[in-house]
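At position 27 of the sequence shown the residue is numbered 28 (this note's numbering), and the sequence of numbers has no breaks.
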Amino acid sequence: PDAQLLTSLGLATFRTSDERYLTNAGLLCVGRAEAIARWLPTHEVRFQVLDDGGALLTNESLRTPLLLVLDQVQQRFESRNQEAEIHTGLVRIGIPDYPRESFREGLLNAVVHRDYARHQPVLIQMHPERLVIASPGGFPAGVTLDNLLVHEPVARNPRLAETFLR
Numbered sequence: 002p003d004a005q006l007l008t009s010l011g012l013a014t015f016r017t018s019d020e021r022y023l024t025n026a027g028l029l030c031v032g033r034a035e036a037i038a039r040w041l042p043t044h045e046v047r048f049q050v051l052d053d054g055g056a057l058l059t060n061e062s063l064r065t066p067l068l069l070v071l072d073q074v075q076q077r078f079e080s081r082n083q084e085a086e087i088h089t090g091l092v093r094i095g096i097p098d099y100p101r102e103s104f105r106e107g108l109l110n111a112v113v114h115r116d117y118a119r120h121q122p123v124l125i126q127m128h129p130e131r132l133v134i135a136s137p138g139g140f141p142a143g144v145t146l147d148n149l150l151v152h153e154p155v156a157r158n159p160r161l162a163e164t165f166l167r
């Protein structure tokens with residue numbers, strides 16, 4: 002059941018046997034947009050498409066639950082991720098501008114590990130020659146440029162990280 006799933010993931014908690022409340026992570030994942038706007042107003046993912054001169058062609062602000070935002074951003078990305086064809090013999094191989102798995106990983110890392118105390122959006126920008134995924138917050142405590150490759154992983158939002166891992 003939904004309640005059991007939310008509780009086992011740490012997305013909901015009980016005050017009494019009848020009163021169930023979403024945690025902040027639960028609100029981000031499955032809350033109503035109105036509740037997210039009220040209780041977590043810093044949550045925003047902005048999807049932008051820019052032309053060669055840097056002018057905005059698309060500028061969308063998404064503030065719905067993360068599960069919905071991820072789906073919406075993925076759809077927008079897929080509709081714009083062009084594919085080149087390579088023919089080798091009778092086989093056609095499609096090669097996208099950006100690997101879908103890499104985009105998905107970058108997007109998940111951006112929303113899961115962002116600093117939700119900052120009033121800045123996760124920013125996805127599709128330029129003609131590059132893709133930018135920016136997440137507010139910098140490195141978590143203890144992680145620096147000098148130790149980035151050797152420091153053990155640090156989750157800024159452990160409950161979100163665990164939820165998306167599971």
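Where is the CB? At the ideal position from N, CA and C, for every residue including glycine.
For residue i, which of the options has the nearest alpha-carbon?
i	options	result
glycine 55	Val133, Arg77, Glu86 and Arg119	Val133
glutamine 126	Arg119, His120, Ser136 and Arg93	Ser136
alanine 26	Asp19, Ala34, Leu12 and Arg16	Leu12
aspartate 116	Pro141, Glu102 and Pro97	Pro141
phenylalanine 165	Leu68, Arg47, Arg33 and Arg16	Leu68
threonine 65	Pro122, Val151, Ala4 and Glu79	Pro122
glutamate 84	His120, Tyr99, Asn60 and Ala38	Tyr99
asparagine 82	Ala34, Leu6 and Ser103	Ser103
aspartate 52	Ala38, Arg77 and Arg131	Arg131
isoleucine 37	His88, Phe48 and Thr24	Thr24
valine 46	Val151, Asn110 and His152	Asn110
threonine 59	Val144, Leu124 and Arg119	Leu124
tyrosine 22	Arg101, Arg77 and Thr8	Thr8
glycine 138	Gln5, His120 and Arg33	His120
glutamine 76	Leu150, Glu61 and Thr14	Glu61
histidine 44	Ala162, Thr145 and Ala118	Ala118
Any idea which residues DSSP pairs residue i with across the strands?
i	result
leucine 58	None, per the DSSP bridge assignment.
isoleucine 87	Ile94
alanine 13	Leu23
leucine 63	Val46
In terms of residue numbering, what span does the beta strand (DSSP E) encompassing residue i cover?
i	result
glycine 95	92-97
valine 46	46-51
Contact defined as beta carbons within less than 8 Å: I believe residue i pairs with residue j. What is the distance between those atoms, to the nearest angstrom?
i	j	result
glycine 95	glutamate 106	That belief does not hold up - the Cβ atoms of glycine 95 and glutamate 106 are roughly 20 Å apart, past 8 Å.
leucine 57	glutamine 73	18 Å between Cβ atoms; not a contact.
Can you name the start and end residues of the alpha helix (DSSP H) that residue i belongs to?
i	result
threonine 8	3-9
threonine 164	159-166
leucine 69	67-81
arginine 39	34-40
Is there at least one non-hydrogen atom of the ligand MG closer than 6 Å to the beta-carbon of residue i?
i	result
aspartate 53	Of ligands this structure carries none, so the ligand MG is not represented either.
Can you give, in chain order, each stretch of the beta strand (DSSP E) that sits fully within the segment 104-157 and has at least 3 residues? Inside the segment 104-157, DSSP marks whole beta strand (DSSP E) runs of 3 or more residues at positions 123-127 and 132-135, from first to last along the chain.
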